[in-house]
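A.B. asks: Below are the structure tokens for one structure; questions will follow.
Residue numbers (the working numbering): -18 to 45.
Now the structure itself:
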């Protein structure tokens, strides 16, 4: 499954992330003052979604 990320800044200079998969996209629930804060939130989103039993990005199934 291919995925990509977009980090965009709005008119109020607030940052948001969007994760785009083959069949869906997920957007940040909050806006961030800095690009770094936005990026770190995107990382937190991926980590929490990949925890076993979370039902997140890959249904909680880890593949390593």
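Idealized CB from N, CA, C, for every residue including glycine. Because the structure is a prediction, the values reported are computed rather than measured.
Would you mind reading off the limits of the beta strand (DSSP E) that contains residue 2?
C.D. replies: Working through the chain shown from its first residue, we reach residue 2 at position 21. Where residue 2 is concerned, the enclosing beta strand (DSSP E) stretches over -4 to 2.
A.B. asks: Quick one: measure Cβ to Cβ for residue 12 and residue -3, integer angstroms, because I've assumed they're closer than 8 Å.
C.D. replies: The residue labelled residue 12 in the question sits at position 31 within the chain shown. The residue labelled residue -3 in the question sits at position 16 within the chain shown. With 8 Å as the limit, residue 12 and residue -3 qualify as a contact, their Cβ atoms being about 6 Å apart.
A.B. asks: Taking all protein chains shown into account, do 16 or more other C-beta atoms lie within 10 angstroms of the C-beta of residue 10, making it buried, or fewer, making it exposed?
C.D. replies: Stepping through the chain shown from its first residue, residue 10 is reached at position 29. Result: exposed.
A.B. asks: For residue -11 and residue 30, what's the separation of their Cα atoms in angstroms?
C.D. replies: In the chain shown, the residue the question calls residue -11 occupies position 8. In the chain shown, the residue the question calls residue 30 occupies position 49. In a straight line, the C-alpha of residue -11 is about 22 Å away from that of residue 30.
A.B. asks: Between residue 1 and residue -16, how many whole angstroms is the CB-CB distance? I'm expecting something under 8 Å.
C.D. replies: Against the chain shown, residue 1 aligns to sequence position 20. Against the chain shown, residue -16 aligns to sequence position 3. Confirmed, about 6 Å.
A.B. asks: How big is the Cα-Cα spacing for residue 19 and residue 33?
C.D. replies: Numbered from 1 along the chain shown, position 38 holds the residue referred to as residue 19. Numbered from 1 along the chain shown, position 52 holds the residue referred to as residue 33. Roughly 24 Å separates the two Cα atoms.
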